[in-house]
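All remarks here apply to the structure that follows.
4 protein chains.
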Amino acid sequence: MLNTEGRIFRFTTFGESHGEGIGVVIDGVPAGLALDLAFIQEELDRRKPGTSRITTQRKESDTFQLLSGHFEGKTTGTPLGFWVPNENARSKDYDHIARAFRPSHADYTFNAKFGFRDYRGGGRSSARETIGRVIAGAVAKLLLSAISSIQINAWVQQIHSIKLDHTPTDFALSTEESMAVRCPDAEVASAMYERIDEARRAGDSVGGIIACQVSGMFPGLGEPVYDKLDARLASAMMGINAVKGVEIGSGFSAVDMFGSEHNDTFVKEGDHIRTLTNYSGGIQGGISNGENVTFRVAFKPTATLMRPVDTLDEAGNPIVLPGKGRHDPCVVPRAVPIVEAMCATVLVDLLLIHRAKTFPSLFASDKGNQNNDTPYFLP
Amino acid sequence: MLNTEGRIFRFTTFGESHGEGIGVVIDGVPAGLALDLAFIQEELDRRKPGTSRITTQRKESDTFQLLSGHFEGKTTGTPLGFWVPNENARSKDYDHIARAFRPSHADYTFNAKFGFRDYRGGGRSSARETIGRVIAGAVAKLLLSAISSIQINAWVQQIHSIKLDHTPTDFALSTEESMAVRCPDAEVASAMYERIDEARRAGDSVGGIIACQVSGMFPGLGEPVYDKLDARLASAMMGINAVKGVEIGSGFSAVDMFGSEHNDTFVKEGDHIRTLTNYSGGIQGGISNGENVTFRVAFKPTATLMRPVDTLDEAGNPIVLPGKGRHDPCVVPRAVPIVEAMCATVLVDLLLIHRAKTFPSLFASDKGNQNNDTPYFLP
Amino acid sequence: MLNTEGRIFRFTTFGESHGEGIGVVIDGVPAGLALDLAFIQEELDRRKPGTSRITTQRKESDTFQLLSGHFEGKTTGTPLGFWVPNENARSKDYDHIARAFRPSHADYTFNAKFGFRDYRGGGRSSARETIGRVIAGAVAKLLLSAISSIQINAWVQQIHSIKLDHTPTDFALSTEESMAVRCPDAEVASAMYERIDEARRAGDSVGGIIACQVSGMFPGLGEPVYDKLDARLASAMMGINAVKGVEIGSGFSAVDMFGSEHNDTFVKEGDHIRTLTNYSGGIQGGISNGENVTFRVAFKPTATLMRPVDTLDEAGNPIVLPGKGRHDPCVVPRAVPIVEAMCATVLVDLLLIHRAKTFPSLFASDKGNQNNDTPYFLP
Amino acid sequence: MLNTEGRIFRFTTFGESHGEGIGVVIDGVPAGLALDLAFIQEELDRRKPGTSRITTQRKESDTFQLLSGHFEGKTTGTPLGFWVPNENARSKDYDHIARAFRPSHADYTFNAKFGFRDYRGGGRSSARETIGRVIAGAVAKLLLSAISSIQINAWVQQIHSIKLDHTPTDFALSTEESMAVRCPDAEVASAMYERIDEARRAGDSVGGIIACQVSGMFPGLGEPVYDKLDARLASAMMGINAVKGVEIGSGFSAVDMFGSEHNDTFVKEGDHIRTLTNYSGGIQGGISNGENVTFRVAFKPTATLMRPVDTLDEAGNPIVLPGKGRHDPCVVPRAVPIVEAMCATVLVDLLLIHRAKTFPSLFASDKGNQNNDTPYFLP
């Protein structure tokens, strides 16, 4: 809802690219969770501009301040407030766009909607807002670790036309370039890096695809009909800056398969019911089936170019925007922790909603022997 | 939220495939809207099983009863209740799946989540639930007609490997086969029809893609950050049964474009600011820019096959499901009105939210001359 | 929100006094709850016009139809739909008020808000809408019985100036008059009955106070800061037709007490921490403390009088309304099950929210020994 | 919902009494509102501990920092973030209650709910949290001033047994004591002041009643059935710390009136329909009728006493709490701006919801001549 995401695990972000900073308030976090502040900062650091030449030259430490909701190292059940001050805001850099509408940015639409806009660095439409999401996602991950076996891994599957053609089994980023582009295959990462750098040198930009895999799932997560796990993920992903497409499991490739190919056959594996294939992406009828949840997210090329661009000013007069400012020639690598973060918040929220309504004891014939707990929360 | 969709324009569906019927309660509808009941029934009829051999043989008139919220032919501002009784429920047909988990259906996940399930025809997970969505969408369309110039058209762009390679300019369905498959190009429709029928004869099934275009848009619809127009559409589409992917504008094809190709250049057209291309799909920063909103939705092939299928029962024992029951060998054609309906409800909800917070008068220096109205509501 | 109440346990009512009927959709009910339909009907019967002369002469069987959400006698976790058709709607009786604004009714305000109104019997503003609340409350009570020890008892504490001066210990209604006025003290009930009948004979009306006590509570229910148990109860009660005041525990009588008198001293009783007095009404800081939750609700006298009344028509012209129609000279007795029902829905909703966020295991040093269950759900 | 209040105009508070500070994020504020920061600070100053001896000796400047949502002096339509650092937190003062349950405080209930608590100054249950509400209320008041004629005045009607027996016509606080107790009648204020001071000297405390009047209303505000204006006000008031009762209009005094006395007769006054009396408190059927909205709120005496108090520690052992710490012997005067603030946020939220769904043009026969505006927003 507006600037709040979630039903029970709810976070509200505020702040702008060149205002005072970026904040987030996280509500609905259970009491007693050990707040691993170093982990939260690590997650933020993954999102931060890096030191390689393929990311923006804006320097920010992105160090958070914890404002509320904690006591003796644990969450208290009251809202967690976080604040990350802007440090390297150079608003003067944006004077040239104060009256201009940059193509494929949110300048024109914010003006049309709100009557005016904070033009400095895109204001609220800047991807700097995602700092709040990464913090919320870090808290969500801490909670998932504490109460479930769920793990989330995202990586860059494609940059421009350079594709990784398989799902990694090891997500470690062993080389500098795989670190820089967030692709675990060193060879493909190297080619991706080169492609981004080519675009950068040409004053141009490229997009790509992030893939994500959630393992350690249990069956039963997601709510029919309007809080389906896939629908919630789709919303969370499409709401990330520059995203143009989302697919779950087989996604668009399902379209030219026959049903006899696409169906995931059930098999028994020990005590568990599993599927032989996973075209469903771990979700059937909007509810997890215990297989890995898999999805892919398409990012458009960065709208800002480092070359002169023809456009209009607010009065509709043609102008030429110079190619200046600080930006990423490809946002995809830095979006990996954002994809994971949004995924984590969706999973936690649905998990809390699921728990709220799940009373296995209602099925017990012998009330004295009931166990209100689901079997899926970790011992 | 669970079985309710929307913030202000909110609809709640209830009912199951083989229970008493399907209902929907629509709240947040402005008072005074003329309720064109014939139009609502026409929309339902578009969703209904047709007479061609490529749809399910279940016969339902899908005639709605209007239960509340109207007076003298107009909405009263109180909730509209609608009810569509099930007529042709043959629950006996489902005895063979009472203890079976059909592959790629919601049988297993509903059981895992809720402890048991209404197995008759899929119960609540059946696409019959979308009757409620189509009714809500019809009311949303009536409201859009009354207060805006917005129009929504969806059509079948692809069935299996048969593609329509352009965006239609005329959405009329002139032939029986284009009616049957909901593709306005008669020639392509004929090939699509044939492909579906081939699958049907083989006891198999196929999927496809529905494209949708919203015209008559105004700039400013959609809410940063967590009620973006594209995010809301993605959620609404991914929540439709059998959907595996959603893309806005350029979608996944943006991935291998350069920014210099993908940016939509602004141009002035009379008093309006327009864009030369529309890779953005009419949405920038989550907010409409006045261009047509365009998106595409991928549907997997129907999970039910008319051939024997290996699977497991609830105890995990292998069984063979016979290929029987009534189903669509391809759900895509009948999903066209559902895509339009969900799109309409999203647009109306965001429009009401936008209106709630939009006071152009706040910008007026002369308070005596203000006009609280946005310029975008139709005279 | 508008016509929906609750966060997780959410019910949406629809329908009007003289439309087709009254419906309710209840979402968020856990799967597996045995649906005791006879109990639900009994609760409805408590709300129904009685046979005594002090209630409205409108005859309605108020027999519900269950439309969805059940299978083999249990809830399925999907929405429960209920429908109660109107049987004795005599809309002609209301022709005389079609253009009139009845004093202290919602006629004028509905017109002002919505532009027009369904004037027949008050339309949506009629207390007939509370049928939906009583059904939702009955389902909530069934759930409370199944998963907790919570019990809710409301009774009539005062009618006009006739007061019951103590809290009953036995809520049985042993005499016809105590049945009729819902006051367990036979002597006081008799005086109350007489007072109502006097008002009726004079074509006048009276109000009163309903008291409510929730026993079997556990400490911890209610959410700081904006879903406090007392705030939620206050909202639920003030939203009942004709209510003008709500007080919790000591209520307005706290005003002229000193803190040294009003504080509830803690004492140990076995393993439990209790309080010596209960001026807090079982709620401290918005959260239950395990003592009985107690509150009182003030009802104004019925606005409809059986005598000629001076008022205005829609054009603002003075008119005289004749004293006719069917109504209760005192709504208080029939509101007792409504107070209980609204109380039950609040408690269940907060209980589910509480459960969603409560993981005692987070505090366990030994993760292998944790128990995710709260101790307060019944074995 | 938890720590967020409102549907469209939504504010989320965070922070604790002795943590880093108190914050609030306000979402849903229309763009273009001139942010009168001095006014916001003035409102905060009204809530702040004063200089008189009848308020707490905790010294706080309560100076806010504006963190987001503004540009060139106006709101941008994005969330406003505010932060008020704690300055005079002396947490050591609370060591004596670290393991104690203070009677009629939230110590025990927070522990029971969350497993532990931030005991310093009551943590999140402290009335210091209301700083966030007063800021949200100040923004709401600015918006009401800009788009409506609505004005809100609250005052102290009663302290312990000292009552103001009429509704003031002038709300100016002319004397030091009327300033201190927030009662506009100098003589009554003097007696109230004395009563509070007596209690203070005795180490005791007193409660009281705050009355509130909203003038400049228009008919039509409030949503049947579960967002009634009176229900929303009741929830907002009952959620304020120490409140035990709320009544609208006649309130509990309606109970022993006859309907013939209580009904508010309609009269025509120029073009407006008014009522002769206002027992309804300006609300009928949950919707404003244009008369002044009036309500009264009962506060219990402060739970903290400046004398030794018998109570229990966390282990259930009896202890004696010394009478120390900093507190108000009567919270009522400082709660006046809080009552006004909560009232303002409710009115703005319902006003935005109302606007969202109100399209008078739907009733126009001539579509070319419609005016989508309601007549009630100020020119």
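Chains as they are written, first to last, in the numbering used here: chain A, 1 to 379; chain B, 1 to 379; chain C, 1 to 379; chain D, 1 to 379. Glycine included, every Cβ here is placed at the ideal spot set by N, Cα and C.
What distance in whole Å lies between the Cβ atoms of residue j and residue i, which are believed to be in contact at a cut-off of 8 Å?
i	j	result
I97 (chain C)	P329 (chain C)	Not quite, the Cβ-Cβ distance comes to about 18 Å (not below 8 Å), so this is no contact.
G23 (chain B)	F82 (chain B)	6 Å
G325 (chain A)	T304 (chain A)	6 Å
From residue i to residue j, what distance separates their C-alpha atoms?
i	j	result
E247 (chain C)	V255 (chain C)	12 Å
N263 (chain B)	A127 (chain B)	38 Å
K244 (chain A)	A234 (chain A)	11 Å
H18 (chain A)	A106 (chain A)	15 Å
T4 (chain D)	R232 (chain D)	14 Å
V188 (chain B)	A236 (chain B)	28 Å
D27 (chain A)	L164 (chain B)	47 Å
T302 (chain C)	A242 (chain C)	7 Å
S361 (chain B)	M257 (chain C)	50 Å
K59 (chain C)	F114 (chain C)	30 Å
H272 (chain A)	G251 (chain A)	26 Å
G122 (chain B)	T109 (chain B)	11 Å
A34 (chain B)	V331 (chain A)	48 Å
D173 (chain C)	N292 (chain C)	Contrary to the premise, residue 173 (chain C) reads as Leu rather than Asp in this sequence. C-alpha separation (whole angstroms): 21 Å.
E380 (chain D)	P49 (chain D)	Since the displayed chain D opens at 1 and closes at 379, residue 380 (chain D) lies outside it and no answer follows.
P333 (chain B)	Q41 (chain C)	44 Å
Interface residues of chain C around residue i at Cβ under 8 Å?
i	result
G77 (chain A)	K357
For residue i, does the three-state DSSP call read helix, strand or coil?
i	result
Q41 (chain B)	helix
N278 (chain A)	coil
D227 (chain B)	strand
F116 (chain A)	coil
P318 (chain D)	strand
A140 (chain C)	helix
C330 (chain D)	coil
Q370 (chain A)	With a pLDDT of 36 at Q370 (chain A), under the threshold of 50, the modelled position of that residue is not reliable, and no figure is offered here.
P337 (chain D)	helix
R296 (chain C)	strand
D165 (chain D)	coil
Along chain B, which residues have their Cβ under 8 Å away from the Cβ of residue i?
i	result
R232 (chain A)	S235
K92 (chain C)	Those within 8 Å of K92 (chain C) in chain B number zero; the least Cβ separation is about 16 Å.
G208 (chain A)	V255
Which residue or residues does DSSP assign as beta-bridge partners of residue i?
i	result
K74 (chain A)	A:A34 and A:F71
T4 (chain D)	D:T12
C212 (chain A)	A:A154 and A:F295
E247 (chain A)	A:R296 and B:G245
In chain B, what lies closer than 9 Å to residue i by C-beta?
i	result
N3 (chain C)	R10, V25, D27, G28, T78 and P79
D313 (chain C)	Those within 9 Å of D313 (chain C) in chain B number zero; the least Cβ separation is about 18 Å.
Name the chain A residues that come within less than 8 Å of residue i, Cβ to Cβ?
i	result
H105 (chain B)	Q284 and G285
Which residues in chain A sit within 9 Å of residue i, going by Cβ to Cβ distance?
i	result
P333 (chain B)	Going along chain A, no residue has its Cβ under 9 Å from P333 (chain B), so there is no contact; the nearest lies around 14 Å.
Name the chain A residues whose beta carbon is nearer than 7 Å to that of residue i?
i	result
G69 (chain C)	Here the premise fails: no neighbours, minimum Cβ distance about 12 Å.
G19 (chain B)	Those within 7 Å of G19 (chain B) in chain A number zero; the least Cβ separation is about 14 Å.
Along chain C, in chain order, which residues have C-beta atoms closer than 7 Å to that of residue i?
i	result
F114 (chain B)	A31, T76 and G77
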